[in-house]
Structure formats: structure tokens, C-alpha cells
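J.:
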Amino acid sequence: MRVDLRSDTVTQPSLAMREVMSQAPVGDDVYGEDPTVNSLEERVAEMFGKEAALFTPSGSLANQLAIRMLVAPGEEILAEANSHIVRAELGAAATFSGITTRTWTATRGQFLAADALTLARPDSGPFLVSTKAIAVENTHNFGGGTVQSLDEIKTLHGEAQKMGLALHLDGARIWNAYVANGVEFKEYGKYFDTISVCLSKGLGAPFGSLMLASKENIIKARIWRKRYGSGMRQIGIIAGAGHYALDTNIALLHHDHRRAQYLATRIHAIAPSLVDPKNVQTNIVGLDLAGLNLTAAEFAEMAKPEGVLISALGPNFARLVTHLDIDDAGMEYAADVLTQALERALVAK
Ligand SMILES: *Cc1c(COP(=O)(O)O)cnc(C)c1O
């Protein structure tokens, strides 16, 4: 058996999704004439209570276009030190937009408004960098799929407004946050100026993300998307997959969460220091191997010959991500393989 827990991006588009894709009406989206793209943009903007949306090939591009609308070259954005924007977009904010970044750290990525706000220096005058925006990631990927507190978001929003700062939400997995705590998508639309969402993670589309913002900023971002070479033509075949994903797959995410909880519980039973199942809120299980005589890369190598793939994201940090293509049998098999590998490693030690 092969169970790929490296990421929820590895899913194969299902037959039903491919059928919807094959039937999607299409047009030239650079001309704004793809009906399936247009309806997806309207649909997702409406879901989050934002004025407009822009379809992008990746979540990174959606984040980068959004940030670009909020922060000018030579100005800064604040973000958590292990956020995707800071660590996994290869310096795009600096490279493309001349934006600098300062970071705060948060346990398991769950931010406290005060930690972000103490860094903020809006209107810094002619000698120091001015803060223009703060980014929040929900759920937090490297934090282990953790969900952000709505109270902290409200506090951040209230203070940011007084300081004239904009807020961006990296909502690549906002769907998982919704399933975990039930906070409505529209609620986020009230507090964040720009939002990015991904259809290609837990929702299982082959690719596709959206950036949400005011009408004015979407018009501008559309120009930048083309400038970056991402003006797409009959891309409704992919937007069709996005519609299918929203129609069908949000409702399935709770299975991913249940399976992640199961994996965490089985691993905890063998090696309690690796993960506390109470901290596993969605579909990501972060494993802290620091207490063991085993690196994350070694652990991944032990599981691989048995067909179980996991990510080694740091020397001592491994990540397991459940998704649409892992069923209960795969979950049990992976739990067996991983716990047996841990038992061998513990005995060897
Ligand atoms: C996956 C992800 C993105 C976007 O990634 P792409 O691979 O560029 O689509 C953005 N933010 C977070 C938190 C992610 O996990």
C-alpha cells in the first residue's frame, strides 16, 4: 500500500471532478470572457463578503498580488516567523515588490494580536521603514494546521484600524478552519482587506487559488497578474474543478481531521513527546522529534520502503497531512508503519 502524507496537495482529481471540468463552459479569461472563471470569482467573493475576486494559478501568487496591493516598495509587512509568506514563497515579497518583512513568533503559529502590534511602526517618517500591513495565516501550516482565534483577529483588526494598517489573511486552508471551529467565511471578510484561498489543498483541485479584495484592488491585481505572466485563457476547465471542490469537498474535510486525530493518537501512545493529540485541530500532524535520537529525515527514510511518505520539514520536525486520497484503511496502515518505525528507533536507542 502507498500512503502519501507529505501534503494535501498530492491528491489526484477525482473522476467526478474531471467530468465537471470536461463540461465547463470556457472563454478567454484575459478578455474576462470565461464564464466559469467569472462565476467562480463571484461565488468566492460572495462567500467571504468581499467585493471581488481574482483567480490565480497558485496560492503564492494570490498572496503576493494581495500584499502588493497593500504595501508599496520600501514599506513593510509583518508576519509570523514560520508563516508561508515568510518561509515558503522564496522571498517573493522582496523580489517582486520591494517589500521588507519583520516577524514575530507564535507558539504553534497561533498569533496573539499584541505580539504583532508591538512591532508595528506606521508612518515612520523619512528615516525608518513604515509598516503598512499585517498578515495572518489560518490555518497555520508549519504550526501544525492550527486555527486562529477569532477574538485575536477582532483585537488585531480594531487596533490595526486605529493605526491605519491593512490586514491580509493567508487562508490557503481556511476551509479546514471553518470545519474545525465553525466561524463563517463572511466573518473573515469583515476583518481582512485581502484574503487568499486555495482550491488545491484539502479541496482536491489540480491547482487554483483566489485572491479576494475590493473591486479597485482586484482591477489593479488583474494587471499585475498579467504582468507576472499569469494571464490565463480557457482556464474555466480548472475553475470548474474549483466549483466542484466547493460543492462537494468542504463537506468531506471532517474525515481528514478525524484521520489526523487518529494518527496523532496512535503516535502519542508510542512516543508521547512527539505530539499531543489535543494540539491537532485539523488535517496536519506536526511531530517534534527533538526528544528522540532520530532526525525527521531518518524517520521519513524508515517509513518510505513501506510506502508511507511523510515530510521532514526541519531537522527535528516531521509533518503528516491527511487528505482526500487517504481512506480509513490507508490511515490505519500508515499508523501501523509509523508506530512500528518509532518502536524500532526507541529500542535501538
Ligand atoms: C500551500 C499554501 C499556500 C500557497 O501555495 P501554492 O503552492 O503557491 O499554491 C499559501 N499559504 C499556505 C499557508 C499554504 O499552505
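Just remember that my numbering sits 660 ahead of the position in the sequence shown, which is counted from 1. Built from N, CA and C at the ideal position, the CB exists for glycine as well.
Using the C-alpha atoms, what's the distance from Asp688 back to Gly990?
T.: Cα to Cα, the separation comes out at about 41 Å.
J.: Report yes or no: do the segment 723 to 738 and the segment 852 to 867 share at least 3 C-beta pairs separated by less than 8 Å?
T.: Counting Cβ pairs under 8 Å, three or more are found: they touch.
J.: Would Gly719 pass as a contact of Ala832 if the rule is Cβ separation under 8 Å?
T.: Result yes, Cβ atoms of Gly719 and Ala832 sit closer than 8 Å.
J.: Tell me whether Arg979 sits in a helix, a strand or coil according to DSSP, three-state version.
T.: Three-state result, Arg979: strand.
J.: Quick one: grab the DSSP three-state call for Ser674.
T.: It is coil, neither helix nor strand.
J.: Assuming Pro673 and Ala901 form a contact by the criterion Cβ under 8 Å, report the distance between their Cβ atoms to the nearest whole angstrom.
T.: Confirmed, Cβ separation roughly 6 Å.
J.: Just the C-alpha distance for Ala950 and Asp936, rounded to the nearest angstrom, thanks.
T.: Cα-Cα distance, rounded: 14 Å.
J.: Flag this pair as yes or no: are the beta carbons of Ala793 and Ala826 separated by less than 8 Å?
T.: Yes.
J.: Spell out a yes or no on whether the segment 734 to 752 and the segment 771 to 783 are touching, meaning 3 or more CB-CB pairs, one atom from each, closer than 8 Å.
T.: Yes: the two stretches touch, three or more of their Cβ pairs being nearer than 8 Å.
J.: Run the proximity test for Asp664: is its beta-carbon closer than 7 Å to any non-hydrogen atom belonging to ligand 1?
T.: Result no, Cβ not under 7 Å from ligand 1.
J.: Which one of Ile897, Ile910 and Leu954 has the shortest CA to CA distance from Ser699?
T.: Ranking Ile897, Ile910 and Leu954 by Cα distance to Ser699 puts Ile897 first.
J.: Just mark Met677 as buried or exposed, buried being the case when its beta carbon has 16 or more other beta carbons within 10 Å.
T.: Buried, by the Cβ-count rule.
J.: Count the other C-beta atoms from every protein chain shown that fall within 10 angstroms of the C-beta of Asn953, then say buried if there are 16 or more, exposed otherwise.
T.: The residue in question, Asn953, is exposed, as its Cβ has fewer than 16 Cβ neighbours within 10 Å.
J.: Determine, using beta carbons only, whether His983 and Asp907 come nearer to each other than 8 Å.
T.: Contact: no.
J.: Fully enclosed by the segment 681 to 747, which beta strand (DSSP E) runs are 3 residues long or longer?
T.: Correct list: 712 to 716 and 736 to 740.
J.: Who are the near neighbours of Asp735 in its chain, counting only those whose CB is closer than 6 Å to its CB and skipping five residues on each side?
T.: With the sequence shown as reference, residue 735 is identified as Glu, and Asp is not the correct amino acid for it. For Glu735, where only same-chain residues beyond five positions count, the Cβ hits under 6 Å are Ser790 and Lys792.
J.: Could you give the first and the last residue of the continuous alpha helix (DSSP H) run that contains Arg762?
T.: Per DSSP, Arg762 belongs to no alpha helix (DSSP H); it is in the beta strand (DSSP E), Thr760 to Trp764.
J.: Assign Lys1012 to one of three DSSP states: helix, strand, or coil.
T.: There is no way to answer for residue 1012, as the model of the chain reaches only from 661 to 1009.
J.: If you reduce the DSSP assignment to three classes, tell me which class Ser933 lands in.
T.: Three-state DSSP puts Ser933 in coil, outside helix and strand.
J.: Leaving out five residues on either side along the sequence, give the residues of the same chain with a beta carbon under 6 Å from the beta carbon of Gln770.
T.: Answer for Gln770: Thr806, listed in chain order.
J.: Per the DSSP calculation, Ile794 is bridged to which residue(s)?
T.: According to DSSP, Ile794 bridges with Leu738 and Leu827.
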